[in-house]
Amino acid sequence: MRVAYDLTALQINSSGVARWITALRRALAARDEPEIVDIAQPQRAREGRVPHALLREGAWLPAGLANAARRTGADVLHCPAPLGPWRRGSVPVVLSIYDVMPLRRPEWFTAANRWHTRLVLPRIARGADIVLVPSAFSRDELLDEVPGLAPDRVVVVSGGVDAQFCAGPRPDAERPYLLTVGELQPRKNVETAIRAFGQLASQHPELELLVVGARGWGEAPVTHEIGSAAERVRFAGHVSDQRLVELYRGASALLFPSRYEGFGLPALEAMACGTPVVAARAASLPEVVGDAGLLVDPGDAGAWAAATGRLLDDADLVAELRTRGLARAARFTWHRCAEQTVAAYRQAAAA
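In numbering that gives the first Met the number 0, the protein residues as written are 0 to 350.
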């Protein structure tokens, strides 16, 4: 079987979706089959990320994507980001949709983003032979937002944790710190982590809060909160994966108060590094974290402070969550994700 794998999103996106696309592509390459042929828009193609790419001049339109897949002789076209043909064609399509946030919480997005999602997402979902989603939560949301989409065409395929995110020696740090990871945007709810830290700060005078993540749309309330916080709240911006592994390993805990995640990769990465997790009881996070972390109402800073305080004061609880977290994260591998994705390719090709 030959699969055309669309890498267009890598050229316009450096978020968790881009990391997912890259990690899955790597896992697919490690398999004997299927044969993967990459297709991508030529502008700004990133060196090393588009091997053997079929490059096409001009705009990368849905029709152009389908035509490019056809020219490769592909049996299946996989669009691993929500960009794809609007209707079914001669090449079966597997489409990945991670969430429907702009439809469920439009206030978190620009007008252009809301308009684009409302116009495009239902069409490409109906035009795909198989739609892959990362969680049962995302599946339910998608089926609710796209009437007429057949449930048997929407398949849950969870993501994985890269091998570099693993337990290891705890790096030296000048002071103990809590970590929160996520792009600065409204849904990530970093303000709650900062407010919770403010309630803990006087009881733990050496403790710091480190905020890791790129700046995003609607960041103003978060940056204001960081600027107004004590000097012990530090903003690190975007960091490399290698640095992120070090930060996970050195953190006393990961605070992940995001109000909406289709999957929630940072929580799994932290658990894989042996770091206890406090996560929001919202969206897909209870499904991903399970009983391997502490789950808290995303809007209750006092509850976040209390849960985090438990971790800081109870070594036995930390040890228990570390054990559970390592076991939980081990269940999510890119090898397993690739295996389930290939099963979806076969299902689409046979449809």
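Cβ coordinates follow ideal geometry from the N, Cα and C atoms, glycine included. Just so we're clear, the structure is a prediction, and the values are computed from it rather than from any experiment.
- Annotated three-state conformation of residue 96 is coil, per DSSP.
- When the alpha-carbon of residue 312 is set against those of 239, 258, 199, the nearest one is in 199.
- Closest by C-alpha distance to residue 225, out of 194, 253, 204, is 194.
- DSSP, reduced to helix, strand and coil, places residue 39 within a strand of the structure shown.
- Taking the CA atoms as reference points, residue 268 sits about 10 Å from residue 324.
- For residue 179, the enclosing beta strand (DSSP E) starts and ends at 176 to 180.
- Residue 344 sits in a helix when the DSSP states are folded into three classes.
- Within the stretch 101 to 180, the complete beta strand (DSSP E) runs of at least 3 residues fall at 129 to 132, 153 to 155, 176 to 180.
- Going by DSSP, residue 312 is part of the alpha helix (DSSP H) stretching over 300 to 312.
- By the Cβ neighbour-count rule, residue 251 is buried, with 16 or more other Cβ atoms within 10 Å of its own.
- A residue is called buried once 16 or more other Cβ atoms fall within 10 Å of its Cβ, and residue 140 is buried on that count.
- DSSP, read as helix, strand or coil, puts residue 65 in helix.
- The DSSP assignment places 219 to 227 as complete runs of the alpha helix (DSSP H) inside the stretch 201 to 237, in order along the chain (cut-off: 4 residues).
- For residue 22, the uninterrupted alpha helix (DSSP H) run begins and ends at 15 to 28, by DSSP.
- In the three-state reduction of the DSSP assignment, residue 331 falls in the coil class, being assigned neither a helical nor a strand state.
- When secondary structure is reduced to three states using DSSP, residue 194 falls in the helix class.
- Below 8 Å, enough C-beta pairs join the stretch 284 to 297 and the stretch 255 to 273 to call them touching: three or more.
- From the listed residues 185, 214, 233, the smallest Cα separation to residue 196 is found for 233.
- With a beta-carbon spacing of about 19 Å, residue 272 and residue 157 fall beyond the 8 Å limit used to define contacts.
- Boundaries of the beta strand (DSSP E) harbouring residue 4: 1 to 5, taken from the DSSP string.
- For residue 208, the CB contacts under 6 Å within the same chain, skipping 5 residues up- and downstream, are 177, 196, 232 in chain order.
- Annotated three-state conformation of residue 320 is helix, per DSSP.
- One alpha carbon belongs to residue 221, the other to residue 189, and they sit about 7 Å apart.
- With a cutoff of 9 Å on beta-carbon distance, residue 122 and residue 152 are scored as not near each other.
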